[in-house]
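Note sheet for the following structure.
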Amino acid sequence: MRPQSLPPSRTFHIGGEREVVRLGFGAMRLTGRGVWGEPADRSAALALLENLPNLGINFIDTADAYGPDVSELLIREALHLYRSDNELRPLTVATKAGLVRTGPGQWHPVGRPEYLIQSAYRSAAKLGVEQIDLWQLHRIDTMVPSDEQFDTIRQLISAGIVRHAGLCQVSILDIETAREFFPVATVQNRYSLADRSSEDVLCYCEENGIGFIPWFPLAGELAALGSPLSAIAEAHAATPAQIALAWLLMRSPVMLPVPGTSSIAHARENAAAAAIILTQEEFLALDVLNRGGASQD
């Protein structure tokens with residue numbers, strides 16, 4: 006599917022009812038090196054989070070494994086979630102569970118039902134909320150029957166601790182199987198201008214009104230993808246990264262990029278990409294770059 010000539014909607018309704026601005030923020034890089042421990046500059050991390058509403062961002066993506074726990078606790082401290090004095094729409098925070106950390110750069114899937122339930126309740130406590138807006142299974146644990154993991158998510162929704170639920174790094178078959186247990190609100194797969202290996206999943210999500218959160222949305226050496234990217238960036242007085250984000254937003258109305266950074270200046274630059282409207286010709290020129298690139302995840 007390809008975009009219309011008109012600019013796409015600026016917002017998306019997660020689960021059909023939770024409206025978010027389609028360019029969000031990924032909070033993984035607020036932690037220490039190797040996504041482990043506290044950030045090098047804690048005050049700077051808090052300042053960045055506090056400034057997100059001023060940048061027009063009301064959707065934040067995090068996970069219990071970021072730190073671990075560090076990212077969720079920073080978000081609570083900085084934003085006092087759902088505060089009434091926020092002039093924007095209420096903040097929506099998505100978190101994840103199903104990957105555990107044993108050290109910097111180390112990730113191990115754990116999908117045992119009792120662990121997933123414990124993780125969801127712990128995340129709610131760390132975020133300071135009674136109900137998590139969006140809770141995603143960080144990975145399907147191949148050592149645990151997927152039906153057990155999906156049924157656990159159903160239980161979390163029924164218990165009211167999770168409002169909407171999603172999946173990460175999955176196939177269409179995974180999504181269809183999970184939908185027999187609960188409404189899949191979002192899918193978070195690796196996808197970018199440089200990596201289209203989840204193109205089929207994106208199309209499926211678009212056809213079924215499922216939000217698609219591309220992780221690593223600025224993958225690859227963007228400036229090296231080809232001259233059209235550099236030329237289009239120059240025409241819009243923008244950076245190649247901004248054009249890549251603008252392309253993602255134009256690619257599909259269900260696309261919800263969440264680029265991450267530890268720099269306020271970089272976050273401001275990323276947020277500005279939402280205002281860039283590519284022409285159909287520019288979009289198509291970028292669309293042919295590196296089509297079919299495979300994920301290394």
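The numbering used here numbers the first residue of the sequence shown as 6 and each following residue consecutively. Quick reminder that beta carbons are idealized off the backbone N, C-alpha and C, glycines included.
Please name the residue, chosen from G42, Q123, Q141, R38, that lies closest to I65 on a Cα-to-Cα basis. Taking the sequence shown and counting its residues from 1, one reaches residue 65 at position 60. Closest by alpha carbon: Q141.
Buried or exposed for P150, going by 16 or more other Cβ atoms inside 10 Å? Within the sequence shown, residue 150 is the residue found at index 145, counting from 1. P150 is classed as exposed because its beta carbon has fewer than 16 other beta carbons within 10 Å across all chains shown.
On the DSSP bridge assignment, give the partners of T97 in chain order. Taking the sequence shown and counting its residues from 1, the one referred to as residue 97 is at position 92. DSSP output for T97 lists F64 as bridge partner(s).
What whole-angstrom Cβ distance do P233 and A290 have, given they're in contact under 8 Å? Numbered from its first residue, the sequence shown carries residue 233 at position 228. Numbered from its first residue, the sequence shown carries residue 290 at position 285. At roughly 4 Å, the Cβ-Cβ gap stays under 8 Å, so P233 and A290 are in contact.
Could you tell me whether the Cβ atoms of L172 and A183 are closer together than 8 Å? The residue labelled residue 172 in the question sits at position 167 within the sequence shown. The residue labelled residue 183 in the question sits at position 178 within the sequence shown. Cβ atoms of L172 and A183: closer than 8 Å.
Own chain partners of G265 with C-beta closer than 6 Å, once the 5 adjacent residues on each side are dropped: Locating residue 265 in the sequence shown gives position 260, where the first residue counts as 1. Here the set comprises G31, M33, R34.
Which value, in whole angstroms, describes the spacing of the CA atoms of L121 and I145? As a first step, residue 121 must be located in the sequence shown, where it is residue number 116. As a first step, residue 145 must be located in the sequence shown, where it is residue number 140. A straight-line Cα-Cα distance of about 11 Å links L121 and I145.
Which of the three DSSP states is assigned to T16 in this structure? Taking the sequence shown and counting its residues from 1, the one referred to as residue 16 is at position 11. Here T16 sits in strand by DSSP.
With DSSP collapsed to three states, give me the class of E135. The count along the sequence shown starts at 1 and reaches residue 135 at position 130. Reduced to three states, the DSSP call for E135 is coil.
Does the Cβ-Cβ distance between A374 and S124 come in under 8 Å? There is no way to answer for residue 374, as the model of the chain reaches only from 6 to 302.
Compute the beta-carbon to beta-carbon distance between L207 and F217, rounded to the nearest angstrom, for a pair I have assumed lies under 8 Å. Along the sequence shown, read from residue 1 onward, the residue named residue 207 stands at position 202. Along the sequence shown, read from residue 1 onward, the residue named residue 217 stands at position 212. The pair is a contact, with the Cβ atoms about 5 Å apart (cut-off 8 Å).
Taking G72 as the reference, which of T97, V40, S48 has the closest Cα? As a position in the sequence shown, residue 72 is number 67, starting the count at 1. The shortest C-alpha separation from G72 is found at V40.
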